[in-house]
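Colleague: Chains as they are written, first to last, in numbering that gives the first Met the number 0: chain U, 0 to 351; chain Y, 0 to 564.
Glycine included, each C-beta is placed from N, C-alpha and C at the ideal position.
Here you go, one structure.
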Amino acid sequence: MAAVTLDSVTKRFGSSAAIDDVSLAVAEGEFLAVLGPSGCGKSTLLRLIAGFEKPDKGTIRLGANVVSGPGIDIAPEDRHIGMVFQSYALWPHMTVAENISYPMRVRNAQPSDVAREVGVALAAVGMEGMGERRPAELSGGQRQRVALARCLTMRARVVLLDEPLANLDAHLRARMLAEIASFRSLSHATLIYVTHDQAEAFAVADRVAVMEEGRVRQVAPPAVLYRTPSDSVVSRFAGGGAVVQGEITATFGNGHATAALFGKTWRVRAAPAQAVGPAEICIRPEDLRIVSDGSGFGATVVRVLYQGGRTVIEATSPQGTTLSLSLSSTDVPAPGTAVHLAVIDGWVIPQH
Amino acid sequence: MLWIPASRGERVAFGALLAIVALLAVVPIARLIQEAVAPGGSFDAAILERVITNPAVWRAARNTLGVSVGGVVLALVLGGAFALLVTLTNVRSKKLLVFCFMLPLMIAPQVTALAWIDLFGPNSTLLGALGIAPPPGTRHPLYGPEGIILLLGIEYAPVVFLTVRAGLRALPRDLVESAQSAGAKPWRIVATVVLPLMMPAFAAGGMLAFIGSIGNFGVPAFLGIPAGFTVLVTLIYQRLAGFGNGVLSEVAALSLLLAAFALGSLAINGWLARRRDVRVTTWMTAAPQWSLGRWRRPVEVACWSAFAVALILPFLALLATALVPAIGVPLDAGTVTLANFHFVLLDYAATRRAFINSASLSATAAMVLVFLSVPLGYSLVVRRAAVLRAVTFAAELPYAVPGVVLAIAMILCLLRPLPLLGFSLYSTIWIILVAYLSRFLLLALRPVTNALQQIDPSLDEAARMSGARFTRRLATVILPLVAPSALAGGVLVFLSAFNELTVSALLWSSGAETVGVVLFSLEQAGDSVSAAAVAVVAVVVTLAMMMVANALASRVARGVLPWQP
């Protein structure tokens, strides 16, 4: 059974729908990332699940129990959901240990159990011996760990994370991502992780839900999302590259098709039901090669972005389309160079 | 965003709190309006007409406007200049300067008035000791409109100071710096950039000073009544004191006139605040610090000399009067006595009772209001109740209307026996307590809402996620975070109630006197030495309470304690 189920949930603020008819099921123990630009409604989605907002339409279930729906509105304090806030939300007047033990003390746990669990939770996040400190004395990463530890002692089956890395320095983010992954294996909880950073979402999640303007555009494992985006929005937001207009000239039942692009015909991937005719084709940076045998089409290098081992090149086709391709940094053309490019792979975006 | 309370307990608590606010703040004012326009239950313009066509009322209204406008102008000049001085220049010991400047606001107007009377009158013990007192029998130089304007100006200059200082602190630094780089000298920048940008702050401060002036009772009662100079507030007081409850409808109509002045200014103030150009606010708001150069010492000397004349001398005069056995006796080593303090604190039942009454009324009002304000503020701010504006406005009503207006509204509401209970609170001490709760609700609520607005709402949400319910969150998360500000609000309530005269002047009864009332009666009866002793004790209590609040200052939300920098 799914741990969290949203069924046709709509939430309006004024006349605009922050969440527009969203249906989503998150499996027990799953790690779902919700990815989208700011203002796409992903935080509202989290607050609906937590119970801080009440949906205008639809139902939300935790396991088999309806927590939001017509005539039903279970208070956040009765949902037993953990949440890691962007600001961490540590109570400044309590010590680290008091912060962590708060959910247990609210449930009137035995003091001896509280002390033991706090010790376990502090050790789990690598903060042994810091129980008596105040939140003000902690670094950003340490506050983040305390917020995670608080969810541990709560033994929440579902934990929501609202942009938990947004306030951290770049070098800390990778460490905290690892921390969150180990939190998951320790707690076995279902995690819903909201972020606007595609790299974060792809790195940790089992599945990624891409949101835009209050709607979920696609939910799939990161590799599927990257390889077969369901529309141009997902394609642009989840992974780089370009979406170009082309013509499908032939289709094969095995998931392949031929497409006319930049004056030549290329073999690309397509849904089995793909029809012949005009279509949008997603071309990732890895899908292009520089060729010298005349099999490619002409393009001009406009920008070279060195990224360490790899270099990303932006080039424009004669029709004015901007493409990007990823090369090994050993042999990189200079801006202004004319090159020939070949399409070695691509994905035909399904028509709806 | 409309908020629906999630839990039953919270819904009940919030509903009860809203009902209390309505009973304390809205019902009395509504009852007053009803009494003025429809005394018998149906609309009747006769009383309103009689009041409006009475030439004595017109004279009092003209006097009210005259002294209030005069006082406001003086307050704008004093408060504005002082705000510019301490915010924009490198004058030294700013903390102490601000504390002294704020004192007239914290000390009761009737105490200030008494101190000035004791200082400059023909019977002045202090001037007498120096041999420069006016000759006996001459009219007191402060009696009449000029004295009232002077004291109103000094009393409300701190109000203007606070709004202008807040404005100067929000002054974008880049606007000043670009004028500097254009070659303008400080004086020119003040005249062409700072002052034009401060106009909204001056307007707001002026409006607040005006509202305070038209409702002020202590100053015109002490300086106007002896000179036969009547303003609306003293007219209402004299009618009611002279003719009793028979003239209730008439004074209700009169106070409606006064309330209209106050609420009109409040509306204009709100309108101006909304029109204020918010586009100039930026994060770069450190006010420039201009060096006074060689003028620093002369300016400081002038400042402290002004304080010496306006603050220290009057209180020395008060103290001197309190230390002589009878008015007219010169103060020297042979005459100095503590008998007056002994008399008012221990021997004389009315004053002894008044101190106990005022202290317990103020403490009770402070505790009840703090207790109400924390859950109410929580529901309003953290839970984003849609009624926040309405409740804040309701709490502002009884504070903005003149005290006599509120007192008459309370008489109208509580004169008849209470429904269900069957007894009346009128002419008991309880009517004063209810009036205090109504009048000072805003003083307790505002620090709490200020503090709550500075708290990240996710601190409350995290507690909800942890499973904590309404009362638990209130006790373990919200209360510890806002406690210093709530306590400071309680101190403000205590100070205001302890120094209050306007409300209790109409509501007191034998056995239920307040400090303000006995001070007024003693002075009217000519017992100036006892009045001075009462006033000295009141000042000492006020200063002590300010010190208590100072101890909390570092943990109180910014802007709660007016005298703190």
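Locate the alpha helix (DSSP H) running through L89/U, then write down its first and last residues.
Modeller: No alpha helix (DSSP H) holds L89/U; DSSP gives it neither H nor E.
Colleague: When the Cα of L164/U is compared with those of V300/U, E127/U and R174/U, which residue comes out closest?
Modeller: R174/U
Colleague: Using a Cβ cut-off of 7 Å, which residues of the segment 414 to 433 of chain Y contact any Cβ in chain U, in chain order?
Modeller: none
Colleague: Is P277/U helix, strand or coil by DSSP?
Modeller: In the structure shown, P277/U falls within a strand segment according to DSSP collapsed to helix, strand and coil.
Colleague: Can you pull the chain U neighbours of P479/Y, defined as C-beta to C-beta under 7 Å?
Modeller: H92
Colleague: Name, please, each residue of chain U whose Cβ falls closer than 7 Å to the Cβ of A552/Y.
Modeller: Chain U residues near A552/Y: none, gap ~18 Å exceeds 7 Å.
Colleague: Tell me, to the nearest whole angstrom, how far the beta carbon of M105/Y is from that of L494/Y; I am working on the premise that it is less than 8 Å.
Modeller: 6 Å
Colleague: Could you name the residues of the same chain whose beta carbon sits closer than 7 Å to that of K53/U, not counting the 5 residues immediately before and after it, in chain order?
Modeller: S67 and D72
Colleague: Helix, strand or coil: how does DSSP classify W282/Y here?
Modeller: Reliability fails at W282/Y, whose pLDDT of 48 lies under 50, so the model's placement of it is uncertain and the value that follows must be treated cautiously. W282/Y: coil per DSSP, three-state reduction.
Colleague: Could you check how far apart the C-beta atoms of V572/Y and L75/Y are, in whole angstroms? I think they sit under 8 Å.
Modeller: The structure shown does not extend to residue 572/Y, since chain Y spans only 0 to 564, so no value can be given for it.
Colleague: Can you tell me the Cβ-Cβ gap for R216/U and L31/U, rounded? I've got them flagged as a contact below 8 Å.
Modeller: Incorrect: roughly 14 Å between the Cβ atoms, too far for contact.
Colleague: For R468/Y, return the contacting residues in chain U, with the cut-off set at a CB-CB distance below 7 Å.
Modeller: Result: E76.
Colleague: Can you list, in chain order, the stretches of the beta strand (DSSP E) that have 3 or more residues and sit fully within the segment 109 to 154 of chain U?
Modeller: none
Colleague: Between the segment 473 to 506 of chain Y and chain U, which residues of the former have a C-beta closer than 7 Å to a C-beta of the latter?
Modeller: V476, P479 and L480
Colleague: What residues of chain C sit near F30/U, judged by a beta carbon separation below 9 Å?
Modeller: Annotation note: the requested chain C is absent from the structure, which comprises protein chains U and Y.
Colleague: Pop quiz: P189/U and V3/U are said to be a contact at Cβ under 8 Å. What is the actual Cβ separation, rounded to whole angstroms?
Modeller: Position check: residue 189/U holds Thr in this sequence, whereas Pro was assumed. Yes, they are in contact, since the Cβ atoms of T189/U and V3/U sit about 7 Å apart, within 8 Å.
Colleague: Among G70/Y, G333/Y, A325/Y and L83/Y, which has the Cα closest to the Cα of N122/Y?
Modeller: A325/Y
Colleague: Could you compute how far the alpha carbon of P102/U sits from the alpha carbon of I153/Y?
Modeller: 54 Å
Colleague: With a threshold of 16 other CB atoms inside 10 Å of the CB of S327/U, please say whether the residue is buried or exposed.
Modeller: exposed
Colleague: Kindly give me the distance between the Cβ atoms of A353/Y and V517/Y, rounded to whole angstroms, as I take these residues to be in contact under 8 Å.
Modeller: 4 Å
Colleague: What are the boundary residues of the beta strand (DSSP E) that M210/U is part of?
Modeller: It spans R206 to E211 - the beta strand (DSSP E) in which M210/U sits, taken as one unbroken run.
Colleague: With 7 Å set as the bound, which would you pick, yes or no: does the beta-carbon of M464/Y sit closer than that to a beta-carbon of chain U?
Modeller: At a cut-off of 7 Å between beta-carbon atoms, M464/Y makes contact with chain U.
Colleague: Rounded to the nearest angstrom, what separates V105/U and H79/U at their Cα positions?
Modeller: 12 Å
Colleague: On the DSSP bridge assignment, give the partners of R235/U in chain order.
Modeller: Per the DSSP secondary-structure output, R235/U pairs with nothing in a beta bridge.
Colleague: What's the gap between the Cα of P397/Y and the Cα of C412/Y?
Modeller: Their Cα atoms are separated by approximately 14 Å.
Colleague: Mind checking the segment 183 to 199 of chain U against chain Y and listing, in chain order, the residues whose C-beta falls within less than 7 Å of any C-beta there?
Modeller: For the segment 183 to 199 of chain U, the beta-carbon criterion of a distance under 7 Å to any beta-carbon of chain Y is satisfied by none of its residues.
Colleague: Given G28/U, which residues of its chain have a CB within under 7 Å of its CB, disregarding the five upstream and five downstream residues?
Modeller: H187 and T189
Colleague: Quick one: what does DSSP say T4/U is sitting in, helix, strand or coil?
Modeller: Residue state, collapsed to three classes: strand.
Colleague: Can you give me the Cβ contacts of S372/Y inside the same chain, cut-off strictly under 6 Å, excluding the 5 residues immediately before and after it?
Modeller: A443, L444 and V447
Colleague: Which word fits K184/Y, buried or exposed, when buried means at least 16 other C-beta atoms lie within 10 angstroms of its C-beta?
Modeller: Around the CB of K184/Y, fewer than 16 other CB atoms lie within 10 Å, so the residue is classed as exposed.
Colleague: Taking 7 Å as the CB-CB limit, is A461/Y close to chain U?
Modeller: So yes, A461/Y belongs to the interface.
Colleague: Compute the Euclidean distance between the alpha carbons of G213/U and G35/U, then round it to the nearest angstrom.
Modeller: 10 Å
Colleague: Is it buried or exposed for W265/U, if we count other Cβ within 10 angstroms and need 16 for buried?
Modeller: Flag for W265/U reads buried.
Colleague: Note down the Cα distance separating V381/Y from V514/Y, rounded to an integer number of angstroms.
Modeller: 39 Å
Colleague: Bridge partners of L326/U, per DSSP?
Modeller: T310/U
Colleague: In whole angstroms, give me the CA-to-CA distance for F439/Y and G217/Y.
Modeller: 18 Å
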